[in-house]
DNA sequence: ACTTTGCGGTTAATTAAATAACAGTCCGGA
DNA sequence: TCCGGACTGTTATTTAATTAACCGCAAAGT
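Protein chains in written order, with the working numbering: chain A, -12 to 214; chain B, -12 to 214.
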């Protein structure tokens, strides 16, 4: 019992990042009426090893009666609870530029448990404009809306220069998780989680691989490209 | 010599993902006039260990005269070459919805070596509309533009249902790297790199950590929350 | 009732990544 | 000229993640 009671937080990042993939696939299976799924089936459809999937689930324990495959209908809510979206997480989008608009309009956010309860910007042209039925609000409203709606997660899409200042305000207002799209490292106090989504990193690592592919193709043709 | 000549492609993913961070920080240092930087300084500013940075660089070798710190002016182009952006990589954005627009307008793409040379969509309302000085083009033009511009990298922001079909066309037209924002796993032939940028994964793993933080705070207050 | 098959939980082995330790180079100053 | 300090490139060690192996259970068929 003491074992079970341990914090579920000392889980490897690699595992955490796979949980959403499991959930997504399971929801898809659920949608097409699949009731049971074995670790092998699920793993293969995600291009990972079954043992890894079971190992991941083992951190949380008890998803199936022993000897029987997983029941989709039980696994989905279990994962949702683990991830923290059994109850919808009200979310704020700060920065209503192109990216902010894209995210605010991204319907899946709602569907996946992150209803957008506030969109903020400084630009007078944007304030008042409607997105997904909600007006863009002035930054002046930031703190009051966060507190009124109990927002714990914010998506940050402001210019890099303002990112830190806005992050500070968010934290002060009670936000505990920041999904940062600004190309800046945020300094936040202990007890606040930041996830940086840096486009540049993504496209550059892709570029590296593309370069490798093209080079190996060249070598295949000319066999001995210089150095 | 044979050692040096080895493909630079058997480099751990973890290292590849750090290269853009190194480059970004170095460019920043360059901008403020810093000429030399030691592995320790650079590593500390990125919150990693100096030995890891040197270890990463060691895959590519020869960035400094031994015993002397790195010269920013030499390291920047060296990294750019490794990443594959010494020469700008013309890039296509396929799907001109909100996200596609955000990316097409994202000025940093150009600055970081990925000039957008084609924006495509199916929607008649969008076709012809200008973004960053370029008209959104019909999907009919896709293949011809890719070939004319020599585009090897494409950013995919179409709805999930169409993602695979579009990816197939891209590959057939000569694209070697796909930056996929659609929440779908793409099947591509050998010799094509895909990087999935899945927002849902990002925000859900953030949510997991937020949940953990909130729980531990609750425990701190009430000390013995049930179970 | 019994055996066979397939399943997940769990632990062990293997592989990969991060970190530390070391050897050799360069420069500045006594 | 020689020494001390700072630095990188490289190798060894430690740590973490992945993969494989095993065990006991449950259902289906005989």
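Each residue gets a CB set at the ideal place from its N, CA and C atoms; glycine is no exception.
Excluding the 5 residues preceding and the 5 following residue i in the sequence, name in chain order all residues of the same chain whose CB lies nearer than 8 Å to its CB.
i: residue 172 of chain B; result: 183
i: residue -11 of chain A; result: Annotation note: pLDDT 35 at residue -11 of chain A (below 50); position unreliable, coordinate value reported separately. Taken in chain order, the list of residues that qualify is empty.
i: residue 162 of chain B; result: 79, 133, 138, 139, 140, 141, 179
i: residue 66 of chain A; result: 6, 9, 10, 13
i: residue 63 of chain B; result: 10, 13, 14, 17
i: residue 59 of chain A; result: 13, 16, 17, 21, 22, 23, 24
By alpha-carbon positions, which one of the options ends up nearest to residue i?
i: residue 220 of chain A; options: A/29, A/130, A/41; result: As shown, chain A starts at -12 and ends at 214. That puts residue 220 of chain A outside it, with no answer to give.
i: residue 145 of chain B; options: B/106, B/63, B/188; result: B/106
i: residue 142 of chain B; options: A/3, A/193, A/130; result: A/193
i: residue 61 of chain B; options: B/16, B/187, B/99; result: B/16
i: residue 125 of chain B; options: B/159, B/2, B/113, B/162; result: B/113
i: residue 180 of chain A; options: B/189, B/197, B/90; result: B/197
i: residue 117 of chain A; options: A/97, A/88, A/139, A/138; result: A/88
i: residue 160 of chain A; options: A/14, A/129, A/24; result: A/129
i: residue 97 of chain A; options: A/111, A/58, A/73; result: A/73
i: residue 188 of chain B; options: B/169, B/51, B/150; result: B/169
i: residue 166 of chain B; options: A/185, A/166, A/93; result: A/185
i: residue 202 of chain A; options: B/68, B/131, B/203; result: B/68
i: residue 120 of chain A; options: A/131, A/92, A/111; result: A/92
Take the Cβ of residue i as the centre, count every other Cβ of all protein chains shown within 10 Å, and call the residue buried at 16 or more, exposed below.
i: residue 108 of chain A; result: buried
i: residue 200 of chain B; result: buried
i: residue 164 of chain A; result: buried
i: residue 22 of chain B; result: exposed
i: residue 70 of chain B; result: buried
i: residue 19 of chain A; result: exposed
i: residue 34 of chain A; result: exposed
i: residue 148 of chain A; result: exposed
i: residue 30 of chain B; result: buried
i: residue 150 of chain A; result: buried
i: residue 152 of chain A; result: exposed
i: residue 95 of chain B; result: exposed
Go ahead and pull the three-state DSSP assignment for residue i.
i: residue 54 of chain B; result: coil
i: residue 297 of chain B; result: The first residue shown for chain B is -12 and the last is 214, placing residue 297 of chain B beyond what the model contains.
i: residue 11 of chain A; result: helix
i: residue 87 of chain B; result: helix
i: residue 47 of chain A; result: coil
i: residue 212 of chain B; result: In this prediction, residue 212 of chain B scores a pLDDT of 40, lower than 50, which makes its location untrustworthy; no coordinate-derived value is stated.
i: residue 24 of chain A; result: strand
i: residue 172 of chain A; result: coil
i: residue 108 of chain B; result: strand
i: residue 73 of chain B; result: coil
i: residue -3 of chain A; result: coil
i: residue 61 of chain B; result: helix
i: residue 145 of chain A; result: coil
i: residue 35 of chain A; result: coil
i: residue 129 of chain B; result: helix
With a threshold of 7 Å, establish whether the CB of residue i neighbours any heavy atom of the ligand SAM.
i: residue -2 of chain B; result: This structure lacks the ligand SAM, and indeed carries no ligand of any kind.
Ignore the nearest five residues each way along the sequence and tell me which others in residue i's own chain have a CB closer than 7 Å to its CB.
i: residue 82 of chain A; result: 108, 143, 144, 145
i: residue 158 of chain B; result: 175, 176, 179
i: residue 77 of chain B; result: 102, 104, 136, 137, 138
i: residue 43 of chain B; result: 2, 5
i: residue 56 of chain A; result: 23, 24, 25
i: residue 84 of chain A; result: 144
i: residue 86 of chain A; result: 144, 168
i: residue -1 of chain B; result: none
Tell me, which residues are paired with residue i by DSSP?
i: residue 118 of chain B; result: B/121
i: residue 78 of chain B; result: B/103, B/140
i: residue 197 of chain A; result: For residue 197 of chain A, which the question treats as bridged, DSSP gives no partner whatsoever.
i: residue 181 of chain B; result: B/165
By Cβ distance, which residues of its chain are closer than 6 Å to residue i, with the 5 residues on each side in sequence left out?
i: residue 75 of chain A; result: 100, 102
i: residue 27 of chain A; result: 37
i: residue 122 of chain B; result: 115
i: residue 51 of chain A; result: 57
i: residue 90 of chain A; result: 80, 142
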